[in-house]
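K.L.:
One structure, pasted below without further comment.
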Amino acid sequence: MTQTLAIRDLGVRRAGTDILSGVSCALTTGQVVGVIGPNGAGKSTLLSAVAGHTGFSGTVSWGGSGSGVQPKAGDIGYMPQSCKVSASLTVLETVLLGTHERLGWRVSQGDIARATGILAELSLSHLASRCMTTLSGGQQQLVLLAQRLVRQPRLLVLDEATSALDMSHQISVLMLLKRYVVRHNALALMAIHDLNIAMQYADQLVLIHDGRLVQQDAPESVLSVENIRRCYGLDVDLVARAGGRPVIAPLAQAMA
Amino acid sequence: MNTDAVAIDTRHIAGYRRMAVKRALALGGAFVVMLWLVILDLSIGPSGMPLSDVISAILAGPHDGDRAATTIIWYLRMPQSLMAVVVGMCLGIAGLQMQTILDNPLASPFTLGFSAAAGFGAALSIMFGAALPLPEYLITPIAAFAMTIVACLIVYGMVHALGETPEILVLCGIGVLFLFQSLQSLLQYLASPEILQQIVFWLFGSLLKANWTSVAVTSLVAFACVPLILSDTWKLTVLRLGDANAASLGISVGRLRRRSFVLIALLTAAAVSFVGTIGFVGLVAPHVAKALVGEDHRFSIPLSAMVGAVILASASVFGKLISPGGVIPVGIITAVAGIPMLFLVIYARKRRSA
Chain A
1 MTQTLAIRDL GVRRAGTDIL SGVSCALTTG QVVGVIGPNG AGKSTLLSAV
51 AGHTGFSGTV SWGGSGSGVQ PKAGDIGYMP QSCKVSASLT VLETVLLGTH
101 ERLGWRVSQG DIARATGILA ELSLSHLASR CMTTLSGGQQ QLVLLAQRLV
151 RQPRLLVLDE ATSALDMSHQ ISVLMLLKRY VVRHNALALM AIHDLNIAMQ
201 YADQLVLIHD GRLVQQDAPE SVLSVENIRR CYGLDVDLVA RAGGRPVIAP
251 LAQAMA
Chain B
1 MNTDAVAIDT RHIAGYRRMA VKRALALGGA FVVMLWLVIL DLSIGPSGMP
51 LSDVISAILA GPHDGDRAAT TIIWYLRMPQ SLMAVVVGMC LGIAGLQMQT
101 ILDNPLASPF TLGFSAAAGF GAALSIMFGA ALPLPEYLIT PIAAFAMTIV
151 ACLIVYGMVH ALGETPEILV LCGIGVLFLF QSLQSLLQYL ASPEILQQIV
201 FWLFGSLLKA NWTSVAVTSL VAFACVPLIL SDTWKLTVLR LGDANAASLG
251 ISVGRLRRRS FVLIALLTAA AVSFVGTIGF VGLVAPHVAK ALVGEDHRFS
301 IPLSAMVGAV ILASASVFGK LISPGGVIPV GIITAVAGIP MLFLVIYARK
351 RRSA
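Chains as they are written, first to last, in our numbering: chain A, 1 to 256; chain B, 1 to 354.
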């Protein structure tokens, strides 16, 4: 059954300043939804509020159409921004910790198999016995993503899960998420900085600027020349591609 | 699932099991070393009793056998040896917990002012305790224990009001540390030379103060706290991934930190109340444990406890060997031996990661 994440009039206020105000949108399962916007727009705050880690006004509900309730911690796989790990734990141990609630004194074969399965899907099997402290930032980010996926959440809330990854890995992660949301009838809501990646791989985009929702729609519609100029202060050209979505090319004068 | 995936799974499951067996062997090894040190500690003393007499006195029990040997082993040496084990375990566990909740490898059970508070409580009781209607041997431990709990409550209250981050916890703890150190110094300044000598002797940390009452009380507190700590094993391991990660994995970080902090205070108070402040055990033992079995708290908690016991039992043996009669307090030996030991652990970890 299709689930809906309904955000209604969401606002977050800190030290007398509105970080977010009047954000409303509805997102259904089976999609990867990119949250885009310039630095300081309120993307992380929105994701943190949806995950229940930041207090907010308004409502966030999750469920069948018209019958949503506040998403439970068990439904959500939340990956906050910049999670550097300095513990002497192996990659496999770290992924296993994603299911810490059900681990006993003896870790079952099923738990290990589930963790290694996710590592294989992210092409991280060769790192399974490596210590987390010896990994690069991008590798750590992938391991922490694996840690969320092993929980099999229906609502994935990822704050910059791909920010430290090279382009190839960013695309691999997005493709994996696209398969995941279809297989598990889940919704992935993730902050994306690279507008071309967002354009090509997200199913829908939510554009935030100055704490307000600018538009929620298909990538081709949200990433218009006008929206990019208005929110990013950048003049771009949209280069049409046969059989695909356009590519965003910054114009020379905008980069000067 | 295809054949390759099954092969990968089997390989990883076998690898994980191998790692668990190695860690269990490290625990077993530490237990054997600890046991051997206890027997060695029991067999060394100024009376020069042969090992066979020591063993027969142990086997004969506390109410039987040769009277002199029974008294020496059961009423002098055994409480001290067991106290070394129990106090070492308490400090080892408390040190590991403190390093985990503060996310700081420099932390020890004494980082947040517990030792200074216990010292102040002890000094207070040595100066004014005679007026109280309590047996003399109980006044100082009770005062030290009570003052440690007071320090814990002050830090707890401040953290509750200001925020539960490791930074706030450290700042409040350091504040309390300086407060109790100053109060302790004030009492030392006001004390007569005889009283001052008693206060300084308490502060050194010595197993000579141990008796069966102290062993029983400290063990009881440890038995009450350790199951609660062990019930948080996985949560504490997750906390090593950082606050944000732990919170996003469904852990109530603030509650876990508060709960662990209170348990650390109880373990530390129980450890120092009877024998005084014994430094470095709570700092070094967790590092040795983590170097041997990593940061999976299922293994690092028991190993840190046993390493703590091994360090303190070794210090007791060493103290008796260099000064028959045990005049040099173990607190001094652990502090002197702790520094090279810490460097050795850091060097070994650096070489391994290079």
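All residues carry an ideal CB built from backbone N, CA and C; glycine is no exception.
Smallest Cα separation from T165(B): which of F120(B), L239(B), I93(B), L208(B)?
P.N.:
Considering only alpha carbons, the answer is L239(B).
K.L.:
Roughly how many angstroms separate the alpha carbons of A222(B) and V173(A), rounded to a whole number?
P.N.:
So the two alpha carbons sit approximately 47 Å from each other.
K.L.:
So which of R106(A), V214(A), L158(A), H126(A) has the shortest CA-CA distance to S24(A)?
P.N.:
S24(A) has its Cα closest to that of V214(A), out of R106(A), V214(A), L158(A), H126(A).
K.L.:
Just to confirm, is the Cβ distance from V33(A) to L207(A) under 8 Å?
P.N.:
Contact: no.
K.L.:
Count the CB pairs spanning the region 207-225 of chain B and the region 74-83 of chain B that are closer than 8 Å, and state whether there are at least three.
P.N.:
Touching, yes, given that three or more Cβ pairs across the two stretches are closer than 8 Å.
K.L.:
By the 9 Å beta-carbon criterion, what residues does the region 147-177 of chain A contribute toward chain B?
P.N.:
Residues passing the 9 Å Cβ filter: Q147, R148, R151, V157.
K.L.:
Which residue spans inside the region 192-275 of chain B form an unbroken alpha helix (DSSP H) run of at least 4?
P.N.:
Fully enclosed alpha helix (DSSP H) runs of 4 or longer: 193-204, 212-230, 233-239, 243-248, 253-275.
K.L.:
Per DSSP, what kind of secondary structure is M49(B) in: helix, strand or coil?
P.N.:
In the structure shown, M49(B) sits in coil (DSSP, three-state: anything other than H, G, I, E or B).
K.L.:
Who are the neighbours of G211(A) on chain B, taking C-beta pairs under 8 Å?
P.N.:
Correct list: empty, because the minimum Cβ distance to chain B is about 22 Å.
K.L.:
If the cut is a Cβ gap below 7 Å, which residues of chain A does S316(B) touch?
P.N.:
What S316(B) touches in chain A: nothing, since even the nearest Cβ is about 30 Å away.
K.L.:
By how many angstroms is the C-alpha of C225(B) removed from the C-alpha of I126(B)?
P.N.:
Looking at the two C-alpha atoms, the distance is approximately 28 Å.
K.L.:
Do G138(A) and L177(A) come within 8 Å of each other at the CB atom, strictly closer than that value?
P.N.:
Taking 8 Å as the Cβ cut-off, L177(A) and G138(A) do not qualify as a contacting pair.
K.L.:
Within 8 Å of any Cβ in chain A, is that where the Cβ of T237(B) sits?
P.N.:
True, the Cβ-Cβ gap to chain A drops below 8 Å.
K.L.:
With 8 Å set as the bound, which would you pick, yes or no: does the beta-carbon of S192(B) sit closer than that to a beta-carbon of chain A?
P.N.:
No, its Cβ sits nowhere closer than 8 Å to a Cβ of chain A.
K.L.:
Need the endpoints of the alpha helix (DSSP H) that C152(B) sits in, please.
P.N.:
Residues 136-162.
K.L.:
When Cβ atoms are compared, which residues of the region 294-322 of chain B fall closer than 7 Å to chain A?
P.N.:
The residues in question are G294, E295, D296, R298.
K.L.:
Does the beta-carbon distance from T45(A) to T2(A) come in below 8 Å?
P.N.:
No, Cβ-Cβ distance for T45(A) and T2(A) is not below 8 Å.
K.L.:
Let's test the definition: count the other Cβ atoms within 10 Å of the Cβ of R241(A) and tell me whether it reaches 16, buried, or not, exposed.
P.N.:
So R241(A) ends up on the exposed side.
K.L.:
Give me the Cα-Cα distance between M1(B) and R114(A), rounded to the nearest whole angstrom.
P.N.:
Legend: pLDDT at M1(B) = 47, less than 50; position of this residue unreliable, no value from coordinates given.
K.L.:
Using Cβ-Cβ distances below 9 Å, what residues of the region 75-95 of chain A are close to chain B?
P.N.:
Listed in sequence order: I76, G77, Y78, M79, P80, Q81, S82, C83, K84, V85, S86, A87, S88, L89, T90, L92, E93, T94.
K.L.:
Within a Cβ cutoff of 8 Å, which residues of the same chain sit near G29(B), ignoring the five residues on either side of it in sequence?
P.N.:
Correct list: empty, nothing qualifies.
K.L.:
Could you tell me how far apart the beta carbons of I7(A) and V50(A) are, in whole angstroms, since I believe they sit closer than 8 Å?
P.N.:
Right, their Cβ atoms sit about 7 Å apart.
K.L.:
Return helix, strand or coil for M255(A), following the three-state DSSP convention.
P.N.:
Residue confidence is low: M255(A) scores 48 on pLDDT, short of 50, so the model does not pin down where it sits. No coordinate-derived value is stated.
K.L.:
For K290(B), which residues in chain C fall below 8 Å Cβ to Cβ?
P.N.:
Looking at the structure shown, chain C is missing, and the protein chains on hand are A and B.
K.L.:
Could you tell me which of G279(B), K320(B), I55(B) sits nearest to S108(B), measuring between CA atoms?
P.N.:
Answer by Cα proximity: G279(B).
K.L.:
Grouping DSSP H, G and I as helix and E and B as strand, with all else coil, what is L165(A)?
P.N.:
Coil at L165(A), not helix or strand.
K.L.:
Give every residue of the same chain whose Cβ lies closer than 7 Å to the Cβ of R349(B), excluding the five residues on either side of it in the sequence, and list them in chain order.
P.N.:
Cβ within range, chain order: A291.
K.L.:
Determine the closest residue to T116(A) out of H12(B), E167(B), P133(B), P141(B), with distance taken between C-alpha atoms.
P.N.:
It is H12(B) whose Cα lies nearest to the Cα of T116(A).
K.L.:
Smallest Cα separation from A122(B): which of D64(B), L183(B), L171(B)?
P.N.:
Ranking D64(B), L183(B), L171(B) by Cα distance to A122(B) puts L183(B) first.
K.L.:
In angstroms with no decimal places, state the Cα-to-Cα distance between G77(A) and A120(A).
P.N.:
Straight-line Cα distance between these residues: approximately 19 Å.
K.L.:
Which chain A residues sit within Cβ distance under 7 Å of H12(B)?
P.N.:
What H12(B) touches in chain A: L92, I112, T116, A128.
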